[in-house]
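Listed below in structure tokens is the structure:
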């Protein structure tokens with residue numbers, strides 16, 4: 005199993021959860037809930053999407069590096085660290 009196979013599966017699961025969050029937001033809108041409560045849920049969904057995006061960018065960076073050199077564990081760890089930092093502070 006490729007190291008990205010697990011990450012792809014995790015990303016797909018994350019996107020399903022985000023989809024559920026968005027459906028929940030739609031229900032909140034339809035039910036006329038308070039704007040602040042809806043905004044909080046939108047913020048959570050956006051943050052989850054940002055984390056998924058940075059994971060995909062990590063994949064893109066790793067794939068590009070692999071085209072030009074053999075990825076070492078240190079390089080892969082560095083890409084993962086950068087991804088974690090971006091997801092945390094973006």
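Numbering (the numbering used here), first residue to last: 5 to 94. Ideal placement from N, C-alpha and C gives every residue a C-beta, glycine not left out.
Ordered along the chain, which non-local residues of its own chain (more than five positions away) have a Cβ less than 7 Å from that of residue i?
i	result
residue 49	22, 25, 26 and 29
residue 80	66
Taking the CB atoms as reference points, tell me whether residue i and residue j lie closer together than 8 Å.
i	j	result
residue 64	residue 15	no
residue 18	residue 44	no
Residue i lies in the alpha helix (DSSP H); which residues open and close that run?
i	result
residue 82	77-93
So what does DSSP say about residue i, is it helix, strand or coil?
i	result
residue 22	helix
residue 42	helix
residue 70	helix
residue 37	coil
Does the beta-carbon of residue i have 16 or more other beta-carbons within 10 angstroms, so that it is buried, or is it exposed?
i	result
residue 47	exposed
residue 59	buried
Counting only the same chain and skipping the five closest in sequence on each side, list residues whose C-beta sits under 8 Å from that of residue i.
i	result
residue 75	66 and 69
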